[in-house]
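8 is the number of the first residue of the sequence shown in my numbering; add one for each residue after it.
Glycine included, every Cβ here is placed at the ideal spot set by N, Cα and C.
These numbers were taken from a predicted model, which means no experiment stands behind them.
Contents: one structure, followed by commentary.
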Amino acid sequence: MTYDTVITNSHVFSSRGMVDQNIIIDDGKIVGFTNDVPASDNIIDGHGLVSIPGPIDTHVHYGVYSPINRAAKTESHAAAIGGVTTMMRMLRLGGSFTRSLQSQLDAASKNHYVDYAIHASIFTQQQISEMNFCVSKGVRSFKIYMNLGGEVGHVYMDMPPDSSALVAAQVDVTDEIVEQTVKAAAELDCPVLVHAEDYESCGCGIKTAKEKHQDGLSAWSSSRSPEFEAKAIKTVSKFGRDYDCVIYFVHIGSERALRQIEEEKKLGTKIFVETCPHYLTLSYEKQSGYLAKVMPPIRTENDRKAVWNALSQNLIDTIGTDHVANQLKLKLGGDDVWGALAGFPGIGTAVPILLNDGVNQNRITLNQFIRFTSENAARIFGMYPQKGALEKNSDADITMIDLKKEKTVSSDLFGGFSDYIVYEGRNLKGWPVKTIVRGELVAENFEVVGKLGHGKLVERKNSMF
Ligand SMILES: [Zn+2]
8 MTYDTVITNS HVFSSRGMVD QNIIIDDGKI VGFTNDVPAS DNIIDGHGLV SIPGPIDTHV
68 HYGVYSPINR AAKTESHAAA IGGVTTMMRM LRLGGSFTRS LQSQLDAASK NHYVDYAIHA
128 SIFTQQQISE MNFCVSKGVR SFKIYMNLGG EVGHVYMDMP PDSSALVAAQ VDVTDEIVEQ
188 TVKAAAELDC PVLVHAEDYE SCGCGIKTAK EKHQDGLSAW SSSRSPEFEA KAIKTVSKFG
248 RDYDCVIYFV HIGSERALRQ IEEEKKLGTK IFVETCPHYL TLSYEKQSGY LAKVMPPIRT
308 ENDRKAVWNA LSQNLIDTIG TDHVANQLKL KLGGDDVWGA LAGFPGIGTA VPILLNDGVN
368 QNRITLNQFI RFTSENAARI FGMYPQKGAL EKNSDADITM IDLKKEKTVS SDLFGGFSDY
428 IVYEGRNLKG WPVKTIVRGE LVAENFEVVG KLGHGKLVER KNSMF
């Protein structure tokens with residue numbers, strides 16, 4: 008028989024280690040590994056490259072500042088160039104899921120270059136009562152924003168498809184909403200993703216800092232102290248234990264938060280931890296301007312080192328980018344740090360940053376890199392071994408990396424919606440050069456060559472941990 012594709016000459020790296028074999032692909036799946044070259048329609052030459060399981064970005068905001076039918080196109084373009092084969096959307100809707108989820112799913116289904124999955128944010132009692140509806144539509148994880156409420160309850164929801172008007176909203180994610188969400192998720196056997204910052208404390212912190220006329224990223228950090236993260240971590244971890252629910256902490260970037268999480272794990276809460284590339288690379292001590300404003304804030308050099316340390320000891324499970332597809336004119340709307348928009352793009356730079364700062368500088372091994380960028384996420388979110396593995400019958404989601412390739416980061420490299428990037432001008436060594444999603448080459452040498460609409464919603468099962 009003739010297979011669809013054979014990848015030759017690459018080093019194949021998966022959790023079972025490194026093998027120098029050819030990968031046979033048919034019908035979007037890996038069908039085997041061989042030492043010969045069987046007949047095939049396509050050959051992808053991987054000489055000098057390492058084939059790894061396609062990275063999964065667990066944390067992506069798109070559809071907020073442009074509608075999903077456009078955002079999926081631009082941001083999955085950036086994902087493909089950055090070597091990401093599955094992007095997980097943080098869906099934020101204000102009203103009823105039964106009314107607005109289907110149109111989001113339909114608009115997304117035709118506009119991705121890479122595969123995607125969805126976490127649904129929960130803000131109201133009505134949405135809690137519709138979590139089972141979300142599960143019936145393939146949305147099997149839920150996000151709560153403990154940072155949103157009271158004086159800091161303002162948020163932009165995702166736009167309806169085809170719209171272009173921002174959807175401003177005011178929400179109150181009270182402890183009651185948090186507890187009820189955790190309870191409902193436990194009954195549905197779904198993990199809850201938690202933005203852990205106590206909104207009341209943050210509201211006070213911001214008010215005080217503004218009264219003192221403080222400015223800059225250091226003021227932003229001190230107004231949202233790591234203590235406020237620890238407080239929220241404590242609250243939700245208790246609910247996690249009470250209802251036996253898996254808690255997944257998104258974007259952990261401070262030593263204090265990491266320490267609190269270890270304490271809660273000892274008390275018996277089932278916890279997974281995500282960090283973001285910016286907590287590994289940036290601190291307010293070294294970063295000027297407002298571009299790197301984000302929630303939770305980038306912290307000190309000491310915190311940055313603590314996050315690397317936790318990662319190297321496998322106390323962190325996943326890397327999500329917290330990518331926000333926004334633009335400069337929105338980002339720098341005010342005259343000071345308080346007026347700037349939080350969040351920045353990062354889906355294209357996650358893989359090269361981890362290769363440059365992590366693998367190539369011996370902070371983490373390539374084996375750890377694979378677990379942090381794909382395998383753990385696939386297990387936690389019910390996609391393993393369809394995703395996150397290079398095994399027979401897995402989806403042929405394969406990213407081929409060149410550990411020696413050097414390139415300077417610029418925002419126009421990725422073709423996303425954003426017109427800036429916090430890493431502009433940074434030279435990185437170690438880049439993805441071929442991105443393959445279910446057997447189709449979607450990006451090669453910083454060009455997207457795939458078909459729009461190839462990306463599909465991943466069918467998920469229960470968590471595999
Ligand atoms: Zn986020």
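Closer than 7 Å: residue i CB and nearest ligand 2 heavy atom
i	result
Met25	This structure does not include ligand 2; its bound ligands are ligand 1.
Check: residue i C-beta below 7 Å from any heavy atom of ligand 1
i	result
Asp329	yes
Met95	no
His257	The sequence shown places Val at residue 257, rather than the His named in the question. Yes - ligand 1 has a heavy atom lying nearer than 7 Å to the Cβ of Val257.
His66	yes
Inter-residue Cα distance where the pair is residue i and residue j
i	j	result
Ala349	Gly39	45 Å
Ser295	Ala347	13 Å
Ile59	Gln221	46 Å
Gly365	Lys336	33 Å
Ala46	His119	30 Å
Cys209	Gln177	16 Å
Val26	Val19	5 Å
Ser21	Thr282	22 Å
Gly157	Phe235	15 Å
Pro33	Ser148	Reading off the sequence, residue 33 comes out as Asp, not Pro. Roughly 31 Å separates the two Cα atoms.
Ala473	Asp310	Residue 473 is absent from the model: the chain starts at 8 and stops at 472.
Met94	Val121	7 Å
Glu398	His54	21 Å
Ser232	Val456	44 Å
Glu447	Ser83	15 Å
Asn29	Met8	17 Å
Asn16	Asp64	27 Å
Tyr391	Phe279	16 Å
Glu271	Cys197	19 Å
Lys338	Lys241	32 Å
Gly423	Asp251	39 Å
Thr81	Ser225	32 Å
Glu49	Met302	For clarity, residue 49 is Asn in the given sequence; the question names Glu instead. Cα to Cα, Asn49 sits roughly 45 Å from Met302.
Glu413	Pro359	9 Å
Leu112	Ser229	39 Å
Which of helix, strand or coil DSSP assigns to residue i
i	result
Phe453	coil
Lys436	strand
Ser22	coil
Val5	Outside the shown range of the chain (8 to 472) lies residue 5, about which nothing can therefore be said.
Ile305	coil
Gln187	helix
Ser128	strand
Ser170	coil
Val243	helix
Thr380	helix
Leu155	coil
Glu281	strand
Leu537	What is shown of the chain runs 8 to 472, which leaves residue 537 out entirely.
Val257	coil
His176	Before going further, note that residue 176 is Ala rather than His in the sequence given. In the structure shown, Ala176 sits in a strand (DSSP, three-state: E or B).
Ile326	strand
Thr215	helix
Leu224	helix
Leu448	strand
Tyr120	coil
His461	coil
Leu112	helix
Thr181	coil
Tyr250	helix
Tyr297	coil
Neighbourhood of residue i by C-beta distance below 6 Å, restricted to the same chain and skipping five residues each side
i	result
Asn374	none
Gly355	Ala85, Ile88, Gly89, Phe421
Asp179	Gly156, Gly160
Phe130	Val178
Leu289	Ala299, Ile305
Leu173	Tyr163
Closer than 8 Å to chain C by CB, residue i
i	result
Gly35	The displayed structure is made up of one protein chain only, and chain C is not part of it.
Same chain only: Cβ atoms within 8 Å of residue i, ignoring 5 sequence neighbours per side
i	result
Ser417	Ile428, Glu431, Gly432
Thr372	Val366
Leu318	Thr282, Leu287, Gly365, Arg370, Ile371, Gln375, Phe379
Beta-carbon proximity list for residue i, same chain, < 7 Å, skipping 5 on both sides
i	result
Thr276	Ser244, Gly247, Arg248, Ile254
Gly223	Val344
With a floor of 4 residues, list each alpha helix (DSSP H) that falls wholly inside the region 328-375, ordered by position along the chain.
-> 335-338, 357-360
Fully enclosed by the region 386-443, which beta strand (DSSP E) runs are 3 residues long or longer?
-> 405-415
Taking the runs of the alpha helix (DSSP H) that are 4 residues or longer, which of them lie wholly in the region 15-81?
-> none
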